[in-house]
Structure formats: C-alpha cells, structure tokens
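From first to last, the protein sequence lines stand for chains A and B. Using my numbering, the first residue of the first sequence is number 1, and each one after it goes up by one. Using my numbering, the first residue of the second sequence is number 1001, and each one after it goes up by one.
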Amino acid sequence: MSIDIETARRVAKLACIRVEEPDLQKLAEQLNDIVSFMKQLNEVDVTGIEPMTSVTPIQLKRRADVVTDGSVQTQILKNAPDAREGFFAVPKVVE
Amino acid sequence: MSANTWTIATARDALRKGEISAVDLTMSCLTAIDAADELGAFVHKTPDIALDQARAADARLKVGAAPDLCGIPLGIKDLFCTKGLPSQAASNILRGFKPEYESTVTTKLFEAGAVMLGKLNMDEFAMGSSNETSCYGNAVNPWKVDERKLTPGGSSGGSAAAVAADLCLGATGTDTGGSIRQPAAFTGIVGIKPTYGRVSRWGVVAFASSLDQAGPMTKDVRDAAIFLAAMSGHDPKDSTSADLTVPDFEAALTGDIRGKKVGIPKEYRMDGMSAEIEALWNKGADMLRDAGAEIIDISLPHTKYALPAYYVIAPAEASSNLARYDGVRYGHRAALSVGDGITEMYEKTRAEGFGPEVQRRIMVGTYVLSAGFYDAYYNRARKVRTLIKRDFDLAFKAGVDAILTPTTPNSAFGLGEMASVDPIEMYLNDVFTVTVNLAGLPGISVPISLDAKGLPMGLQLIGRPWEEGDLLNHAYVLERAMGFVAKPEKWW
C-alpha cells in the first residue's frame, strides 16, 4: 500500500502542519520512499519478541508523589508569544 | 603555539601551575572565534559571560584544589538550554526563546569552573548529518582540499568544526543516531556517546528521548575522559538517568589492553564498501592486535535492520516530543489572518517554524503512530530493536570487550552535494552508528588517518554498557598507535 495525496493530507492534519495543496504530491512521494525503506523490517521474524520499552535494565527511580516546585508563574509566562493577566493567550477556541 | 590549540589536559596542568591564567586562555579562544565567522560554528557568542567565568576560575585556581575543567573554555551545542541565553536547537520555531533554567550538563560544567564561549551550530533539532538543516545556515568543515566547502557532519557540526579549528578546547555534542561520532570522524577529532543514562538529558531539547545522549567532543581521548567525567552522573530530574557512581575515566587510560577481546562484526562489511575504508579498518584491527588484544570475528545478524528501525522509532518519538511547539508557551507564533482560530494558529506556526527535514520527520512519525499502522511499523521496529540489542548482548556474553567498526562509510562531502538526492541517501551516513543508540551502548570515534583526498577518517569502538572507562582505554591505545596529528590548514 502506498501513500497517496489523501493520506499525505491526513498526516499533515494530524501533525498540525499546514501543507499547501500543490506541495502535497511531493510530500506523498517522499513519505512513500521513506515508508518503503521501512518495509525491510517485514523480513525479520519477530515471533515471540517483546517490543523494547527500556534500553537499560535499570529500574526507574520513584519518589514521593508530592509537589516539589511551583509559584513560578512569571518564569513560565516569560517566553510566551502572548501572555495576559497571568495566562497564555490564544485565538478564540469556541465559536 | 597559541593556547587555544591546547588540549584540555595541557591547559589544566598549565592553569594549575600558574603558567597561564584562565582569562588569557579564554582570550586566545575568543580571538580565534572572532576570526572564524566563515566556519559558521559559533552562532551565539558569549564573550562577557566567558570572561566573568574565567575571572572566577582564576580566583578558584589561586585557592587550589580546583576541578579538572576549572578555567577551561568550551563551546556548548545550541541544543542545551542555557539560562537567559538563546537556546534554539537551530530552529526558527524557538527564535527568541531564552530558557529560565539551566540544563543539568551545563550546570555541572559551570560548577566545575568551565568557561562558556558561546552556543554552537547544529542541524535543526539535531535532525541531519551535514549541519545543513540549521536555521543559522551551514557550519563549515575546517578541512578543505579544493575550492569546495565541506560539511563538518551533523548534527553536532558546529561543535566538531569549533574543536577541529581550535576555537575552543572542547565542546558538548549530542548523539541520537551518530550526531557526535559522525562529525568527529569528518573533522579529525574524538567524540564519545556514553551509555544511555550516563549523562542527564534534563534541559537538553528532546529529539528522540529513548536514543538521545549528550557527550563530549575533544581533541584527544584523554580530554574525552576528563570532559565526560564532568558531564556524567545521576540526576533526579531525568528519570532515565542511572544512579551509578561515575568512575575516574582518566585513570582508566592505562594503555594496556593485553588479553582483551576485540570483535570485528562481519555485517558491517557492507556491499560496495570502499577499499580505502576496508584498509583503514584492517589497519585499526592490526594496531589493536599489536597492542596485545585478541581480534575475533563476530556476527551481529540484525545490523541491516538498524537503519530502518531507527527511522521508525526516532521520528515517532520526535513527532511526540515536538508536539509542544504550538505557538502558545514559547517561541514563534505565526501572524494570523482575520477569522483564524486556534487550529490555524497551530498549523501555520508549525509550517513556518519548522524546516523541511523536521516537518518530514514529524509527519513520518505521525504516520507510523497513527491508527492502523502502529503495530505494522512502530511496534515491529521496537521488536527489531530488541533483537539488535540482543545481538550485542550475546557478543559481550561471549567475552567480547569492545567492537571495532568504521565510523562512517565515507569522508566529509561537499556542502550542497546531497541536496538533490532523496532523504534516504543522507540517512545512510548513520549506517554504522545507529546500532549503538538502539542498543544504548557507549561508542567512540577516534581519528585514524587521512584518506586519498586528504580528509580525516575515523574508526568507531563500541563498548559494554557502563564500561566507558574500558572503552576509552581501547580508544587511547588506538590513538597512540595511529599517531594521528594532522590539523586542517587555516583558510578561514
């Protein structure tokens, strides 16, 4: 199965990246090349093999579920393209 | 010789003896940097910070008992968040972003008294093998054999160029699929990617979290040992950081590898491998044998599948990690048209802010994670990853101490020469290095000799997990045996 323009349009939508209509064809071709390359993986017998979740056998550390920082509103908002009255500001979300 | 050409070890000893001040050492680097804009290595210079840090280092050195890196001028890859300073991952989407915090790695370096000269060029979000996807423009290899300008490799291309051109004594790099080792090989320097979990990822802009590791890029193996020790260690802020004692890596450089077993994996002898690479590889093996190591043929049967597995897993993780760049909390936000809502804001912001290669990888990742394809691609790739790691586990279980391979299939190529080929061609640069990231192992590139064109070529040594000391010792033996001392002729 290959990636057609429709699939490319859907992927761009899912990825939240605007792709102009004339560019979709090229995108579909490039995605197709990459996906065909990935298809080599179908040659491998993976019966009974667990998908890797952690590359090192080390147990992840746990800590008490408590607040360790906070009260840094100014710092958090400092890099926002638009911040007003202590909040991130965005265009209208609900019609 | 001007002090900027020194190794970290030489400078450390001279600083401790009072033969040079950290301020003078720093000045020699700042002068070299200002004369090297053509290399495109430093993209944000921080001379005022550097001189403040150098003065503080001099005061500390006067008191005595200063750490190894006290007063050592370093370059920092743009991927590391540095408080109050541009930290853009070479992307337009992070233009103007100045973190309110300091990465763990730079915090450790500064606590050790290191001097930061500035931020270094790289591929956008560390996605690339030639430093050509950077929003700052290309970094250029100081090695030049004709009228062409060559790539320093990528993604840590600025770091490699800066170290090779003696603009700094060492630089931080990061390596997700070869981004420390490939540029190190292309510029004739040393670069080590440590075991996954050795160095904290906190404050390093994420690309593919299960593969990313930071490491040092230096002029020789001893410097790599000194620098790596200063970057390493447990960090509660990174849940994948290992709570293990950091050994004295420099003390591990005994130069004695008698009785060690070095594996030569037959699957790395790729079809169409050049006779030059083959000869280089054999020469490296001979040198290790002469030093008393036993050279044995080994098999890593799933090697061929590492690259396709990597190009499923890395984009999948990237698509998730880079979802945070939405024009709300930091960085670029697109100018909106009348009637645009929040969806248009996201889509326009990301289309404007990300370059073509980053967009492509996000979309590949989105595709392999999307409903209906998750099992066919992503889960299958993770299973293949298990098999790739198992190959290495079996080799080490059979007594292998280190594995010797080429670092790259070729020496540095010309900037722009890969522009017309399809993305897969560029991905082939990582063919010998990605396995190491997939298996979480430490890997180091050591410069070996110049090829027929007069460009540096490196060999890669792969070590057992958490055995960076032993790995560095193998590299040290190889380095001493090869005696690579060539430097690029200054043209910039």
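Backbone N, C-alpha and C define an ideal beta-carbon position, used for all residues, glycine too.
With its beta carbon less than 8 angstroms from one in chain A, residue 1197/B belongs to the interface.
Under the three-state reduction of DSSP output, residue 1457/B falls in the strand class.
Comparing C-alpha distances from residue 1219/B to each of 1231/B, 1074/B, 1078/B shows the shortest one belongs to 1074/B.
Counting along the chain, residue 1297/B sits inside the beta strand (DSSP E) bounded by residues 1294–1298.
Against chain B, the CB of residue 91/A has a partner CB under 8 angstroms away; the residue lies at that interface. Here residue 69/A is not bridged, per DSSP, to any residue. Listed along chain A are 81, each with a C-beta nearer than 7 angstroms to that of residue 1327/B. Listed in chain order, the non-local C-beta contacts of residue 1128/B below 7 angstroms within the same chain comprise 1154, 1155, 1357, local neighbours out to five positions each way being set aside. Its chain contains 28 as the residues whose beta carbon lies nearer than 7 angstroms to that of residue 4/A, once the 5 sequence neighbours on both sides are disregarded; these appear in chain order. Per the coordinates, the alpha-carbon of residue 75/A lies some 16 angstroms from the alpha-carbon of residue 1087/B. In this structure, the beta-carbon distance from residue 1092/B to residue 1135/B falls below 8 angstroms.
Within chain B, the residues 1239, 1240 have their CB atoms less than 9 angstroms from the CB of residue 60/A, given in chain order. Under the criterion of beta carbons closer than 8 angstroms, residue 1225/B and residue 1472/B qualify as touching, at roughly 5 angstroms.
In the DSSP secondary-structure assignment, residue 1044/B is bridged to 1119/B. Comparing alpha carbon positions, the residue from 1293/B, 1065/B, 1039/B, 1464/B closest to residue 1018/B is 1065/B. Residue 1444/B and residue 1305/B have their alpha carbons spaced roughly 22 angstroms apart.
For residue 1290/B, the enclosing alpha helix (DSSP H) covers residues 1275–1290. Within the segment 1127–1168 of chain B, no beta strand (DSSP E) run of at least 3 residues lies entirely inside it. Excluding five sequence positions before and after residue 1254/B, the CB atoms of its chain that fall closer than 7 angstroms to its own CB belong to 1473, given in chain order.
Here residue 1325/B is actually not in contact with residue 1361/B; their C-beta atoms are around 13 angstroms apart, not less than 8 angstroms. Its Cα nearest to that of residue 1461/B, the residue 1446/B stands out among 1446/B, 1289/B, 1140/B, 1152/B. Between residue 1202/B and residue 1459/B a beta carbon distance of about 32 angstroms is seen, past the 8 angstroms cut, so the two are scored as non-contacting.
For the set 66/A, 65/A, 39/A, 84/A, the Cα lying nearest the Cα of residue 73/A is the one of 84/A. Residues are counted here when their Cβ sits less than 8 angstroms from a Cβ of chain A; for the segment 1289–1306 of chain B these are 1302, 1304, 1305, given in chain order. Of all C-beta pairs linking the segment 1234–1252 of chain B to the segment 1341–1355 of chain B, fewer than three are shorter than 8 angstroms, placing the two stretches out of contact. If you check the CB distance, residue 1078/B and residue 1059/B do not come in under 8 angstroms. According to DSSP, residue pairing for residue 1075/B in a beta bridge involves 1118/B, 1171/B. Listed along the chain, the chain A residues whose CB falls inside 7 angstroms of the CB of residue 1100/B are 75, 78. A direct Cα-Cα distance of roughly 10 angstroms separates residue 1112/B from residue 1106/B.
Within 7 angstroms of the CB of residue 1347/B, the CB atoms of chain A belong to 16, 17, 18, in sequence order along the chain. Residue-level contact by beta carbon fails for residue 1262/B and chain A, as no gap is shorter than 8 angstroms.
Along the segment 1379–1399 of chain B, going in chain order, the ones with a CB nearer than 8 angstroms to a CB of chain A are 1379, 1380, 1381, 1382, 1383, 1384, 1385, 1386, 1387, 1389.
Flagged as an interface residue toward chain A: residue 1363/B, by a C-beta distance shorter than 8 angstroms. Contacts between residue 88/A and chain B, judged by CB atoms closer than 9 angstroms, involve 1328, 1329 in chain order. According to the DSSP assignment, residue 1214/B belongs to the beta strand (DSSP E) that extends over 1213–1218.
Across the structure, residue 1359/B and residue 17/A are spaced so that their CA atoms are roughly 8 angstroms apart.
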